[in-house]
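K.L.:
Here it is, the structure in full.
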Amino acid sequence: MKRAILAGVMALFSFAALADDGIGRYQALAIPQTAGTVAARSILFLDTRDGHVWEWRSAPITDNNARGEGFTYIGRLIPGDAPTQLAPQAGIGKCFTFNGKQFCE
Amino acid sequence: MRLLLYCGALIVACLGLGLDAVGATLDELKGLSIEVNWDRSSIFGGVSRPVPQNGKIQIYVGLNGHIFEYNHLQQFDGQRSYSSINTPDKAISSTMPSGLVVMHAWTVEGGKLQLVAPLKEGFSVTSIAVDPVKMTCAYEYADRPDPQTGRVVTIHPTTGAPFQVMSRTSGSYTCSVRRGNIFASDQ
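Just so you know, the sequences run in chain order A and B.
The opening residue of the first sequence carries number 934 in this note's numbering; numbering runs sequentially from there.
The opening residue of the second sequence carries number 1383 in this note's numbering; numbering runs sequentially from there.
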């Protein structure tokens, strides 16, 4: 089922890319695994027009054959002085409340 | 004889108080440095096996009450570190080289130094109980679920991808206290 959904999403990306400019609006970038680790496999999807980045991640197979995979929204890259500058994270405020006590910057 | 009994009772009372003195006020912590090295295992939703994590916290409580902190977290596929200077009960945001922002605040609660950090959902609470007389300390970490969702969702230390915390298993830790500034080069 998950693979079917993934295939559907990939197809949507492909059609969107075809309908956009020459390089395609959505680009996929496979993140190579480090040799000798059990790191999860992941592919980054970049929206070249608006800077949104998603990650498709597949966790290693375990003894019970359970596998965790899915898409996660990472954030938004913005033009800036430094390369790969991320836009401020959504939800980061100037204050937070814990145990009835407010902490502000 | 009565004087001896009185003195004896006084000594016993003082010793008793000393055993219970695990807490400290901020004033008692001024001029002290604390270092904690910890490890634990975390189970995240969508990740098929427990993730071993370890970290280091170094703090110096300045004579003017400022808290100087170095905080490092490492797991098999990523790490993050930050340094900050802050005053108690005040929030501060530290930006990682990756662009991720970690917000946190130090406070003194029940005689313990507490580091509170809002997660994507819920809070992480690091408590360090310092005995400034014996120069010992104890470390404790706990997640506090989001009151609305009942979940704890943290972010990957490098990518910022959200992961729901299903459970944590505390490992071992070392905690040490000493006088002076741990960050000073001449210490």
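All C-beta atoms in this analysis are idealised placements derived from N, C-alpha and C, irrespective of residue type, glycine included.
Please read these numbers as outputs of a predicted model, since none were measured by experiment.
For L1501 of chain B, name the three-state secondary structure that DSSP assigns.
P.N.:
Note: L1501 of chain B maps to coil in three-state DSSP.
K.L.:
Kindly indicate if chain B contains any beta-carbon less than 8 Å away from that of F978 of chain A.
P.N.:
no
K.L.:
Would you say R990 of chain A reaches chain B, if we count a Cβ-Cβ gap shorter than 8 Å as a contact?
P.N.:
yes
K.L.:
Counting C-beta neighbours from all protein chains within 10 Å, is the total for P1365 of chain B 16 or more, i.e. buried, or is it exposed?
P.N.:
Chain B is shown only over 1383 to 1569; residue 1365 of chain B falls outside these bounds and no answer can be derived.
K.L.:
Would you tell me roughly how many angstroms separate the C-alpha atoms of L1445 of chain B and G1413 of chain B, rounded to the nearest one?
P.N.:
5 Å
K.L.:
Name the two residues that bound the continuous alpha helix (DSSP H) containing L1408 of chain B.
P.N.:
L1408 to L1411
K.L.:
Any contact of the segment 1510 to 1518 of chain B with the segment 1464 to 1478 of chain B, i.e. 3+ C-beta pairs under 8 Å?
P.N.:
no
K.L.:
Can you check DSSP and say which residues form a bridge with K1438 of chain B?
P.N.:
B:N1419 and B:H1454
K.L.:
For a quick check, are the C-beta atoms of E1503 of chain B and V1534 of chain B less than 8 Å apart?
P.N.:
yes
K.L.:
Take every Cβ of the segment 1535 to 1551 of chain B, pair it with every Cβ of the segment 1405 to 1412 of chain B, and state whether three or more of those distances are shorter than 8 Å.
P.N.:
Contact check between the segment 1535 to 1551 of chain B and the segment 1405 to 1412 of chain B: fewer than three CB pairs, one atom from each, fall below 8 Å, which does not count as touching.
K.L.:
Would you list the residues sitting across from D1525 of chain B in a DSSP beta bridge?
P.N.:
B:S1506
K.L.:
Name the DSSP bridge partner or partners of I1564 of chain B?
P.N.:
DSSP lists no partner for I1564 of chain B.
K.L.:
Can you tell me whether M1517 of chain B is buried or exposed? The criterion is at least 16 other CB atoms within 10 Å of its CB, across all chains shown.
P.N.:
exposed
K.L.:
Hey, I1449 of chain B and W1488 of chain B: beta-carbon distance below 8 Å or not?
P.N.:
With a cutoff of 8 Å on beta-carbon distance, I1449 of chain B and W1488 of chain B are scored as near each other.
K.L.:
Where does E1038 of chain A sit, in a helix, a strand or coil, going by DSSP?
P.N.:
Of the three classes helix, strand and coil, the one that applies to E1038 of chain A here is coil, per DSSP.
K.L.:
Near V1433 of chain B, what residues of its chain come up, given a Cβ to Cβ distance below 8 Å and the 5 sequence neighbours on each side ignored?
P.N.:
S1423, S1424, I1425, F1426, Q1457 and F1458
K.L.:
With H, G and I counted as helix, E and B as strand and the rest as coil, what does DSSP make of N1446 of chain B?
P.N.:
coil
K.L.:
Comparing alpha-carbon positions, which option in B:H1486, B:R1462 and B:L1455 lies nearest N1468 of chain B?
P.N.:
Nearest C-alpha to N1468 of chain B: B:H1486.
K.L.:
Measuring CB to CB, does V1498 of chain B end up less than 8 Å from F1505 of chain B?
P.N.:
V1498 of chain B is a Cβ neighbour of F1505 of chain B, given a cutoff of 8 Å.
K.L.:
Shorter than 8 Å from the beta carbon of T1541 of chain B to some beta carbon of chain A?
P.N.:
yes
K.L.:
Which of helix, strand or coil does DSSP assign to G1492 of chain B?
P.N.:
coil
K.L.:
Given that a residue counts as buried once 16 or more other Cβ atoms are within 10 Å of its Cβ, and exposed if not, what is C1037 of chain A?
P.N.:
exposed
K.L.:
Which residues of the segment 1451 to 1475 of chain B have a Cβ closer than 8 Å to any Cβ of chain A? Give them in chain order.
P.N.:
F1458, D1459, D1471, K1472, A1473, I1474 and S1475
K.L.:
Would a C-beta distance cut-off of 8 Å place I1441 of chain B and S1466 of chain B closer than the cut-off?
P.N.:
no
K.L.:
Between V1498 of chain B and chain A, is there a C-beta pair that is closer than 8 Å?
P.N.:
yes
K.L.:
Mind listing which residues of the segment 1502 to 1524 of chain B have their C-beta closer than 9 Å to chain A's C-betas, in chain order?
P.N.:
K1502, F1505 and V1507
K.L.:
Could you check what DSSP says for G1460 of chain B in three-state terms: helix, strand or coil?
P.N.:
strand
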